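2 protein chains.
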Amino acid sequence: MRYANDVSGREEEHEPSLASRLRLAVVRLNRRLRAQRTDSSVTLTQISALSCLYNWGPMTPGELAAKEGVQPPSMTRVIAALEEHGFASRRPHPTDGRQAIVEVTQAGRDFVRAEVCARERWLDRRLADLDEEEREVLSRAAEIIDRMAGQ
Amino acid sequence: MRYANDVSGREEEHEPSLASRLRLAVVRLNRRLRAQRTDSSVTLTQISALSCLYNWGPMTPGELAAKEGVQPPSMTRVIAALEEHGFASRRPHPTDGRQAIVEVTQAGRDFVRAEVCARERWLDRRLADLDEEEREVLSRAAEIIDRMAGQ
DNA sequence: GACACGTCGTTAGCATACCTCACGATCTGC
DNA sequence: GCAGATCGTGAGGTATGCTAACGACGTGTC
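Residue numbers (this note's numbering), protein chains in the order written: chain A, 31 to 181; chain Y, 31 to 181.
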């Protein structure tokens with residue numbers, strides 16, 4: 031099956047930089063995560079935003095966009111999709127007419143508890159195959175990465 | 031600015047699982063990486079595939095797709111773009127008429143050494159802000175993640 | 001009070017990056 | 001030889017980001 035090794039003119043082995051290895055790892059895992067399909071039509075981006083609302087409570091679209099690290103226009107579409115699914119709802123801001131408050135509905139809460147866990151089953155299985163020390167490394171890495179990406 | 035804390039009916043704080051935290055970190059860093067634009071018209075996906083060819087040597091489109099974790103049709107377009115840029119070239123497989131061998135051109139090698147580093151400058155800067163122990167954590171995490179995503 | 005200016009959310013339009021389905025060319029086992 | 005598998009590709013669809021521009025609303029200044 032592997033052909034590369036048999037071809038003359040092959041590159042020598044390199045020692046890729048940490049940046050290269052981390053980038054590749056992140057890009058790949060991201061692809062895998064997106065590829066995990068449940069039969070529901072809710073996408074990873076939507077789940078991510080919904081989880082954020084679930085964990086942090088009601089907030090404005092702008093705050094949600096900031097937390098997820100996307101631009102406000104991108105979040106608008108995500109919120110609209112969640113609203114269409116009946117998992118989130120918008121209500122007017124009590125004092126500022128420009129803003130709105132987005133919150134999780136009861137259906138949204140049920141969905142987070144059930145489907146989101148299902149969605150993360152693939153990753154959970156992978157994590158379960160690791161030993162405790164490796165999970166600890168990933169836990170610390172998640173925190174470091176989040177800090178790097180966060181700002 | 032923060033409004034969520036003031037709203038009644040707020041969720042209690044949860045302790046997100048490792049899967050949740052890792053997913054969010056990966057999704058976010060991935061967004062940041064893709065948002066980094068160099069003036070060149072080569073995308074992150076193309077760079078990723080080109081780096082793969084550079085590091086592993088010539089291989090068939092199918093093998094490259096498998097290594098990158100995408101479906102063959104997706105890789106076809108990436109290879110076409112790389113070929114158009116003059117960074118990769120296709121030649122017929124010596125024994126199997128169905129397959130082809132994709133390899134990096136000299137221009138592609140030069141590009142990997144120069145532009146890819148430029149592309150990774152943002153990440154490099156972030157990594158430089160960490161201490162040695164944190165970089166070691168990320169280095170180990172990159173290896174673990176790659177193993178999880180790889181298969 | 002009126003007007004200028006800032007902020008917030010949204011709409012519109014675009015680019016990228018995946019996917020699945022379908023097809024033609026080629027190889028292989030009987 | 002011929003049926004079926006395999007490989008690469010074309011077509012079309014969806015998701016996910018972005019920027020630019022706009023309308024609604026709030027705020028400070030006179």
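Where a beta carbon is used, it is the ideal one built from N, C-alpha and C, also for glycine. Since the structure is predicted, the reported quantities are computational estimates derived from the model, not experimental observations.
Nearest-angstrom Cα separation, counted from ILE175 of chain Y out to SER169 of chain A: Looking at the backbone, the Cα of SER169 of chain A and that of ILE175 of chain Y are separated by about 12 Å.
DSSP-derived helix/strand/coil call for VAL134 of chain A: Strand, per DSSP.
Neighbour flag for ARG58 of chain Y against chain A, beta carbons, 8 Å: Judged by the 8 Å Cβ criterion, ARG58 of chain Y is in contact with chain A.
8 Å contact criterion, which ARG53 of chain A and LEU63 of chain Y should meet: CB distance rounded: Right, the Cβ-Cβ distance comes to about 6 Å (below 8 Å), so this counts as a contact.
Beta-carbon separation (whole angstroms), VAL132 of chain A vs PRO91 of chain A, contact threshold 8 Å: With 8 Å as the limit, VAL132 of chain A and PRO91 of chain A qualify as a contact, their Cβ atoms being about 6 Å apart.
Whether ALA182 of chain A touches SER81 of chain A by CB criterion (8 Å): No information on residue 182 of chain A is available, as it lies outside the stretch 31 to 181 that chain A covers here.
Residue from A:THR73, A:LEU48, A:PRO88, A:ARG155 whose Cα sits closest to the Cα of ALA111 of chain A: Answer by Cα proximity: A:THR73.
Endpoints, alpha helix (DSSP H) assigned at SER71 of chain Y: Element bounds for SER71 of chain Y: n/a, residue is neither H nor E.
Proximal chain Y residues relative to PRO46 of chain A, where beta-carbon distance stays under 7 Å: In chain order: ASN85.
Exposure label - MET31 of chain A; buried when at least 16 CB within 10 Å: Bear in mind that the predicted position of MET31 of chain A carries a pLDDT of just 38, short of 50, making it unreliable; the figure below should be weighed with that in mind. That one is exposed.
Residues bridged to MET89 of chain A (per DSSP): Bridge partners of MET89 of chain A according to DSSP: A:VAL132.
CB contact below 8 Å: ILE175 of chain A versus chain Y: A Cβ of chain Y is located within less than 8 Å of the beta carbon of ILE175 of chain A.
Contact belief for SER78 of chain Y with GLU98 of chain Y at Cβ below 8 Å, rounded distance in angstroms: Between GLU98 of chain Y and SER78 of chain Y the Cβ distance is about 6 Å, and since that is below 8 Å, they are a contact.
For VAL56 of chain A and PRO46 of chain A, the rounded distance between their alpha carbons: About 15 Å.
Endpoints, the alpha helix (DSSP H) within which SER50 of chain Y is located: 48-65 is the extent of the alpha helix (DSSP H) around SER50 of chain Y.
Minimum Cβ-Cβ distance from MET105 of chain A to chain Y less than 8 Å: So, not an interface residue.
Helix, strand or coil at PRO103 of chain A according to DSSP, with G and I counted as helix: Secondary structure at PRO103 of chain A: helix, using DSSP grouped into helix, strand and coil.
LEU157 of chain Y beta carbon less than 8 Å from that of ARG165 of chain Y: At the C-beta level, ARG165 of chain Y and LEU157 of chain Y come within 8 Å of one another.
Whole-angstrom distance between ARG151 of chain Y and ALA85 of chain A, CA atom to CA atom: It should be noted that the sequence gives Asn, not Ala, for residue 85 of chain A. Taking the straight line joining both Cα atoms gives about 34 Å.
Distance between ARG51 of chain A and ALA172 of chain Y (C-alpha atoms, nearest Å): If you take the alpha carbons of ALA172 of chain Y and ARG51 of chain A, they lie about 6 Å apart.
Any C-beta of chain A under 8 Å from that of LEU54 of chain Y: With 8 Å as the cut-off, LEU54 of chain Y counts as an interface residue toward chain A.
Spatial neighbours of THR106 of chain A in its chain, beta-carbon cut-off 7 Å, leaving aside the 5 residues before and after: Cβ within range, chain order: PRO91.
Distance between ASN60 of chain A and ARG128 of chain Y (C-alpha atoms, nearest Å): Straight-line measurement puts the Cα of ASN60 of chain A at about 31 Å from the Cα of ARG128 of chain Y.
Under 8 Å from the C-beta of GLU150 of chain Y: neighbouring residues of chain A: For a Cβ distance threshold of 8 Å, residue set SER47, ALA49, SER50, ARG53 of chain A lies close to GLU150 of chain Y, ordered along the chain.
For PRO122 of chain Y, the residue or residues it bridges with in DSSP: Bridge partners of PRO122 of chain Y: Y:ALA130.
Residues that ALA171 of chain A contacts on chain Y, provided the C-beta gap is smaller than 7 Å: Simply VAL167, LEU168, ALA171.
Selected residue, minimal CA-CA separation from SER70 of chain A, among A:GLY116, A:THR125, A:GLU145: The candidate whose alpha carbon is nearest that of SER70 of chain A is A:GLU145.
Coil, strand or helix - PHE117 of chain A by DSSP: Secondary structure of PHE117 of chain A (DSSP, three-state): coil.
is_contact[ASP154 of chain Y, chain A] using C-beta, thresh 8 Å: So, interface residue.
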